[in-house]
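A.B. asks: So the number in the working numbering is just where the residue sits in the sequence shown, counting from 1, plus 1159.
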Amino acid sequence: MSVEIDEGFYSRQLYVLGHDGMHRMGTASVLVAGMGGLGVEIAKNVILSGVKSVTVQDQSDTMWTDLSSQFFLKESHLGQNRAMCCIQQLCDLNPRVRVSAHMGPLDHDLLLQFQVVVLTDSSLDDQKGFGDFCHAHGIQLVVANTKGLFGQLFCDFGEEFEVLEDKETPESVIVQNISKENPGVVLCAGECPHGLSDGAVVSFSEVQGMTELNSAGPMAIKYLSPCSFSICDTSDFSEYKCGGVATVEPDKFKPLREALLESKLLVMYGVGRTDRHKTLHLAFQALHGFVKSQGRLPLPHNDADAEVLVAMVRELNAVAGLERLDEVAVRNLAYTARGELAPMNAFIGGLAAHEVIKACSRKFKPLKQWLYFDALECLPENRTQLAEHSGSTRGTRYDGQTAVFGSAFQEKLAGQKYFLVGAGAIGCELLKNIALIGLGAGGGGLVTVTDMDFIEKSNLNRQFLFRSQDIGKSKSKIAAKAVREMNPQMNITDHQNRLDPESEAVYNYDFFMGLDGVAAALDNTEARAYLDGQCVQYQKPMLEGGTEGNHGHTLVVVPHITESYGKDTKSPTKTIPMCTLKNFPYRIEHTLQWARDQFEGHFKQRPESLNLFISDAEFVDRTLRQGDAEALEVLEGVWNCLEDREAGGKRPTSWEDCVTWARLEWETLFNNEIRQLLHFFPSDEVTDSGLPFWSESKRCPHPLTFDPDNTTHMDYVVAAANLCAQIYGIKGTRDRVSIRQVLSNVAVPPFAVKSSVRIHLTDKEMEEAKECDESEKVRLEELKGWLSSASARASVRQMYPADFEKDDDLHMDYIVAASNLRAENYEITPADRHQSKRIAGEIIPAIATTTAAVAGLMCLELYKLVQGHRDISSYSTSYFSLSTQYFVWMQPRRAQRFTVAGKEYTLWDDFLVEGRRGGQREMTLGDLILYIKEHYGLTLCGLFYGPSVVYTGQEERLKQSVSELVKKATKADIPPHKKVLDLVPSFAEDEDCNQVPTIRYVLPDSSSTRAGAALESRC
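(1) Classify Met2189 as helix, strand or coil using the three-state DSSP reduction.
(2) Hey, out of Leu1190, Gly1196, Ser1374, Pro1409, whose CA is closest to Lys1306's CA?
(3) Let's test the definition: count the other Cβ atoms within 10 Å of the Cβ of Gly1583 and tell me whether it reaches 16, buried, or not, exposed.
(4) Tell me which residue opens and which closes the beta strand (DSSP E) that Ile1333 is part of.
(5) How should Val1677 be labelled, buried or exposed, when 16 other C-beta atoms within 10 angstroms of its C-beta is the threshold for buried?
(6) Restricting to Cα atoms, I'd like to know which of Lys1640, Ile1833, Leu1939, Leu1863 is closest to Thr1782.
(7) Ala1534: which of Asn1830, Thr1495, Glu1408 sits nearest, CA to CA?
(8) Can you round the beta-carbon distance between Ala1505 and Ala2012 to whole angstroms, since I take them to be within the 8 angstroms contact cut?
(9) Should Asp1691 and Gly1725 be called a contact, given that it needs their Cβ atoms to be closer than 8 angstroms?
(10) I need the DSSP call for Asp1225, collapsed to helix, strand or coil.
(11) So, does the segment 1396-1403 touch the segment 1351-1371, judging by three or more C-beta pairs under 8 angstroms?
(12) What residue range is occupied by the uninterrupted beta strand (DSSP E) comprising Lys1381?
(13) In the DSSP assignment, the beta strand (DSSP E) including Asn1304 goes from what residue to what residue?
(14) Name the DSSP beta bridge partners of Thr1214, please?
(15) Thinking C-alpha only, which one of Gly1238, Ser1208, Gln1229 is nearest Leu1220?
(16) Could you have a look at Arg2169 and say whether DSSP puts it in helix, strand or coil?
(17) Using CA atoms only, rank isn't needed, just tell me which of Ser2042, Val1301, Thr2036, Val2143 is closest to His1710.
(18) Please check the pair Val1606 and Leu1572, which I expect to be a contact at CB under 8 angstroms, by giving their CB distance rounded to whole angstroms.
(19) Quick one: is His1719 buried, meaning 16 or more other Cβ sit within 10 Å of its Cβ, or exposed?
(20) Going by C-alpha to C-alpha distance, which of Leu1283, Arg1834, Gly1708, Gln1835 sits closest to Lys1451?
(21) Counting only beta-carbon separations shorter than 8 angstroms, does Gly1708 have a partner in chain B?
(22) Determine the direct distance from the alpha carbon of Glu1570 to that of Glu1644, and round the result to whole angstroms.
(23) CB-CB under 7 angstroms to Asp2202, same chain, minus the five flanking residues each way: which ones, in chain order?
(24) For Met2049, which residues does DSSP report across the bridge?
(25) On a Cα-Cα basis, can you pick out the residue from Glu1815, Pro1736, Ile2088, Pro1700 that is closest to Ser1723?
(26) Put Tyr1577 into one of helix, strand or coil per three-state DSSP.
(27) Quick one: using the 10 Å Cβ neighbour count with 16 as the cut-off for buried, is Ala1600 buried or exposed?
(28) Helix, strand or coil for Lys2126? Go by DSSP, reduced to three states.
(29) Rounded to whole angstroms, what's the CA-CA distance from Ile1204 to Arg1893? Just pull it up for me.
(30) Kindly list the residues whose CB is nearer than 8 angstroms to the CB of Cys1391, restricted to its own chain and excluding five residues on each side of it in sequence; keep chain order.
(31) By a C-beta neighbour count over all protein chains shown, 10 Å radius and 16 as the cutoff for buried, is Lys2092 buried or exposed?
(32) May I ask which residues mark the beginning and end of the beta strand (DSSP E) holding Leu2204?
(33) Does DSSP put Ala2180 in a helix, in a strand, or in coil?
(34) Kindly list the residues whose CB is nearer than 6 angstroms to the CB of Leu1176, restricted to its own chain and excluding five residues on each side of it in sequence; keep chain order.
(35) DSSP on Thr1871, reduced to helix/strand/coil?
(36) Does Gly1550 come out as helix, strand or coil in the three-state DSSP assignment?
Structure (structure tokens):
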């Protein structure tokens, strides 16, 4: 039976998994065992994803350490069963999923009820036993584990698991070359990456020369680079000549008991993690042995327990035979194993839940089979800071965190002041982690969150702090309320402001100077770049992260250590040439943009122009100043909206008029305009060089004939007529029977060639065709005469412009129909509604698992910032893909240095100047020049404020105050909230320098002394 998908709820996830994948998800039942912080994270993500049912199992009662990362548990739940305490909140996440709790033990009868089983908080014996059972009965198994700053993940999807959809992992790779050596290196053809990871199994065919590979059978590869991998020893094979295909073999999983003996681990590239993770494969086994023998986990930062664990790992390695053991990592595992860290659980929980989704949707290649992760760089750079650990718990909600970092660090976290910009998907996940770790949850601490958006249904699938009853409410307000319930100690305030220059009166000098740091949870690069600029100006660290479907990235910006996010370097949106949109589309993206333009012109711009015509007596004259061609289009649109029929008005006055307009518009767009184009450029047209005009990217169109029995034809008329009715305030209907009756009475004028029509060929020719021909000039004069009369303005009523909304069904009905009819004109493959909505609405695919993982990684970097790490190697920039198990951690780039007059600076350096002189008057420009010379040894010869020129050598300006000169240059007063002016200098010593430090000029207002002191302390 087909599962109905709530597209409004799952809209963004559908672009990740597709309809077929979502249908398969809707038939799957999942068991998540263990409702600690990791288990609830996995359950939350799986429930949001839309499986059929989720059962959470737990026999444990709530303890203080659980509150460090289990976001649905409260202090009132202490001593009560964890599963029962959080079941209602899990149910509320997604009413489309059946959620239940099981408080009894795990047994085989229970496991047989599920397609996927997830084990957390489980012993190694249970993992082996239940792993054998699941493997034998075709149940997909995921094992997830976190201990302090370490995480482990394992998957066994059985020997028959088949991935049904995976566009990101290739089925085969074309070979360009194979070296004759040990091991042989395969170079792939083309520029595209092979997409294979360590341990992938391939079989070769069609190899010429080194033909031994064609019969060698399946073999495992080792990743070398995006375009190469190594295979077996080929040194004794024949010389490679050419050709060859490496076909990727389906994964065959081994049960956990057998997989433990093979240290085939997923490689996480960067920062030398590979050897460490091979050690961790043994260390986690040893840790299970420690717990089994001692009845407890190692004590926090206890050297004796650490040595016991190291000895156990050495004993395991006597069999495993690793060349190098990372004993430092083993000791740190022992030191922190009792830790429960929300960011770690968010990251590993996001990955584990994504593997569950792969198992249920059968989309994307699953993990094979082990993954290890550690965040040891989060520990203090000076490890003596941890000497105060006693190993005892204090009975606070942060016990799981203090077991790793100590109570002094917890107090420092509580006193932080942080600014979170954005309360959407990443913002919700960040706020969850922030509440659990206690950021700003003490005296003097504060978290400020701002987001101007309101909650929509499509948000609920991945912005887990919101519920259906919150739709229409402020995101930041509801998010702040939700995290206060998670942690009543939270000091959080919510704003509903956009962060841009217009909000600088709120987010001003005093605001930023009172912060310890900033986190960006934004969905566009322009906003990120602006926030980054503010952080550079005020010398504040910034955390940044983003997602797109399965892919995520994080970035940390540290003053005076790393480079900044930088200016908005996003490549400008690729604009489609007007000639392509109007006459020569050849891709569905072109027809969708054309449909958007039609929507904007008819239902937004024309009504807005009409309303301006009503309210602004100068509208006609001002429009005429735009140029004849532009003015004609605007004024023609206004004229068509007039009610006075004697004045030529065509404004619809009834529903029948709206249907008539829609039918005639159909005829114009999909028949007449195509015939007009073919009149000028027939199908057999040739260019001056004798080549066919209609070729390659110029598809020869054909006109359509309206057919009321054609669904797409009627879709257009129904949507266009209803939109027309809406903008004129007329009641419409979608009753197709009544609409067909109206259409039967519509008289369609015969086609006639318009000799004055201008056919747009290229952008250059469009520029040359700005001026109207004579007939158009005559028409423009007529319009000017009509519209300038008082009777014209009196004969019109206000209209109701429509702002395109991708989640409005009527808007999308119009876009899809118009685009696909246009595509039919040009024989372009049409797009379904789902694809059209993504392209026309510029929707970024999104899924909760990626979001959770990104937020977890960002908060691991937050630990480092709060501790004040100064070694750049402690920080990480990350890039990952959950669909291909591609993970890269790298050191952030250092702040780039530049030289001025022989002295090195970075973007974090500036020249700080207190604007008050002698406690009385403001500094003059001459004073400023002298100050820069005395303090920095540079001769100021030019000064600029933004695009305005303040000084380029004019002597008469030397005695004027700096603020007065800025006012004259900008022709505006300095806003009252401005306490510091950013002045860009040029110096005589190095006039050609492309980059110079900014002069930060502290204005001499009533708070200048405090401002200056704060700035001095900052530097």
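Beta carbons: idealized from backbone N, C-alpha and C, even for Gly.
C.D. replies: Taking the coordinates as given:
(1) Missing from the structure shown is residue 2189; the chain here goes from 1160 to 2178 and no further.
(2) Measuring from the Cα of Lys1306, the nearest candidate turns out to be Gly1196.
(3) Buried, since its Cβ has 16 or more Cβ neighbours within 10 Å.
(4) 1331-1337
(5) buried
(6) Answer by Cα proximity: Leu1939.
(7) Thr1495
(8) Contact between Ala1505 and Ala2012 holds: their C-beta atoms lie close to 7 angstroms from each other, under 8 angstroms.
(9) yes
(10) helix
(11) yes
(12) 1381-1384
(13) 1299-1306
(14) For Thr1214, the pairing in a beta bridge is given by DSSP as Leu1190, Ser1259.
(15) The sequence shown places Asp at residue 1220, not Leu. Answer by Cα proximity: Gly1238.
(16) Because Arg2169 sits at a pLDDT of 42, beneath the cut-off of 50, its placement in the model cannot be relied upon, and the following sentence gives the value as read from the coordinates. Correct three-state label for Arg2169: helix.
(17) For His1710, the nearest C-alpha among the options comes from Ser2042.
(18) The Cβ separation is near 11 angstroms, so there is no contact.
(19) Its Cβ having fewer than 16 others within 10 Å, His1719 is exposed.
(20) Leu1283
(21) The structure shown has no chain B; it contains just one protein chain.
(22) 21 angstroms
(23) Examination of residue 2202 is not possible in this model, given that the chain is present from 1160 through 2178 alone.
(24) Thr2036
(25) Pro1700
(26) Here Tyr1577 sits in strand by DSSP.
(27) So Ala1600 ends up on the buried side.
(28) It is helical.
(29) Just to set this straight, residue 1204 is Asn in the shown sequence, not Ile. Each residue's alpha carbon lies about 39 angstroms from the other.
(30) Pro1342, Gly1343, Ala1375, Met1378
(31) exposed
(32) Examination of residue 2204 is not possible in this model, given that the chain is present from 1160 through 2178 alone.
(33) Residue 2180 cannot be examined here, being either before or after the span of the chain that is shown, 1160 to 2178.
(34) Around Leu1176, the same chain offers Ser1520, Lys1522 as residues with beta carbons nearer than 6 angstroms, after the five sequence neighbours per side are excluded.
(35) helix
(36) Caution is warranted here: a pLDDT of 48 is assigned to Gly1550, below 50, making its placement in the model unreliable, and no coordinate value can be reported.
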